[in-house]
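Structure, as structure tokens:
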Amino acid sequence: MSKVFCGSSTLKTLWVTLTALAVVGVFSLYESNVLPVVTIFEVILIVLSLLFISKLSLLGVVFSLFSFLYILFSSALALYYDVNYLDFIQAYKAFFYVLVLLPFFGKNIFHSDFVRFLYITILLLFLTKYSYSIAFNFTDRMGSRPGLFAENNFELVFLAFLYYFATLDNIKYKNIFFALFALVVIMSGSRSGLGILLVSFYFSYFRFNLLGIITSSIGLLILFGFVLYFFMVRTDGQFYNIDRFKFLSIWLYETSSWEWWRYLIGNASLTPLSSESCSTLSYWSSLFSFSGDGSCYSVILHSYILRVVFDHGVLGLVFLLAFSACGVLISGLKFRSVLFVWGVLLASALSVSSFNSVFSAISLAIAFGYYSKSGDSSVFFRKSALKSPA
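Each residue of the sequence shown is one higher than the one before, starting from 20 at the first, in the working numbering.
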């Protein structure tokens, strides 16, 4: 156990906290979790950030400075246009996470042994909750879309990151770990989860040699066939019935009059959708503006790719991708790991909030602070390995 926690009381506390939250989720029969897990995860992330705030990476500081100035400028516009502050925070949450994730750049915090131990623990609790939820069907929601921490579209990102980094420098049990992870995703009923599963399989198994290409291609075809079948079942064979197509059509309508440069920078200030679009999306009225005036913002479009381009432009998305790439590379990982991180976050962004989710943020914290004594650990441009506090 001393090897797992690397003598760090911080890691012990983190493991106990996350395990306790998951155990509560297992005993929450009628919902994902009776505790406000999203808020608790955000508190955990902020506390960890404060613990590791010393000796900041210059590159991380540059990203954070740009993010801070962008938030500051946008908040001034929001005040001028009388935007509800909760709507503003919701739209800019990913850029707030950039500030919180700064202390994880280039730090030796999460050893591979700890990540592997955390993955095994959380995975078993995922399997327990998902299995009995489907078997006993206590509620329609939990019987078809079980969750352990929150809605499974969000939490599966966290599990995927744990799986990938748990097997990155030790493939002894990788096949078992992947099979169990795949079982959780299949039981989840999540379409974005299936996309995440495909990404995880590819970057875990694909290798540029004849045997690797053959075996991984067969595996991908099998998984893709299952994904296609699952989509056909969920949509009765009519893909245009998918609610994401409705969101896309609304986005295309809202941006139809944009000049080309608007796609680069998005809206200059947080701009609500038209009243016609809000009326069309009234089924999701719980996502309307916090102001209660019947207006709605891009959050109602669910897909983060649509949201980020509408609010922040293509440059906003590129900034977040570049930030995540640099955070992974500076930890000493290879570009293959960057592609995995991008793949999972973009798969999530096709459906839900991706970069805007605390589950993605805490996953990035693990990726930025990951280290091992072997495996995928070639140093990119980190000057020195920093020790984590005891």
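Using N, Cα and C, we set each Cβ at its ideal position, and we do this for glycine too. A quick note: this is a predicted structure, and the numbers were derived from the prediction, not measured.
query	result
Where N156 sits in the DSSP three-state scheme	coil
Inside the segment 72-159 only - alpha helix (DSSP H) runs reaching at least 4 residues	77-99, 104-120, 131-155
Residues near L33 in its chain [Cβ-Cβ closer than 6 Å; skip 5 each side]	none
Reference A169, options F85, L105, Y49, F264, closest by Cα	Y49
Option in T158, N171, Y183, N156 with minimal Cα separation from Y457	This structure cannot settle anything about residue 457, because the visible part of the chain is limited to 20 through 409.
C-beta contact flag for S382 and F92 at 8 Å	no
C-beta atoms of F145 and L167 nearer than 8 Å	yes
DSSP state of Y182 mapped onto helix, strand, coil	helix
Straight-line Cα distance separating W280 from S407	Since pLDDT at S407 reaches only 38, below the 50 mark, its modelled position is unreliable, and no value is offered.
Beta-carbon spacing of L365, L325 below 8 Å	no
In DSSP terms, what Y282 is bridged to	Beta-bridge pairing links Y282 to no other residue.
Classification of G335 by the beta-carbon crowding that lies within 10 angstroms, buried from 16 upward	buried
F400 classed as buried or exposed, judged by whether at least 16 other C-beta atoms fall within 10 angstroms	Low confidence applies here, because F400 scores a pLDDT of 42, under 50, leaving its location unreliable; read the following figure in that light. When all chains shown are included, F400 counts as exposed.
W270, buried or exposed, once every other Cβ within 10 Å from all chains shown has been counted against 16	buried
Where R135 falls, given that 16 or more other Cβ within 10 Å makes a residue buried	buried
Distance CB(S305)-CB(S131) smaller than 8 Å	no
Chain-order list of residues whose beta-carbon lies under 7 Å from that of N103 (same chain, five-residue window excluded)	S308, F309, S310
Cβ-Cβ separation, I261 to V363 (assumed contact under 8 Å), whole Å	No, V363 and I261 are not in contact; Cβ-Cβ is about 21 Å, not under 8 Å.
Proximity below 8 Å, CB of T147 to CB of V45	yes
Rounded C-alpha distance that separates A386 from V80	18 Å
8 Å Cβ cutoff met for L118 and S94	no
Member of F87, F107, S47, Y224 whose CA lies at the smallest distance from the CA of P291	F107
Residues near S331 by beta carbon distance below 7 Å, same chain, minus five either side	The question names Ser, but residue 331 in the sequence shown is His. Same-chain partners within the cutoff: G285.
Inter-residue spacing [alpha-carbon to alpha-carbon] between A185 and E295	47 Å
Distance, A344 Cα to D312 Cα	39 Å
Range covered by the alpha helix (DSSP H) that runs through C297	294-299
Pair within 8 Å by beta-carbon distance, F329 and V176	no
Secondary structure of Y316, DSSP reduced to three states	coil
Own chain partners of G208 with C-beta closer than 6 Å, once the 5 adjacent residues on each side are dropped	S163, R164
Proximity to L69 [Cα-Cα], best of F123, S322, V56	F123
Span separating the alpha-carbon of I349 from that of D188	17 Å
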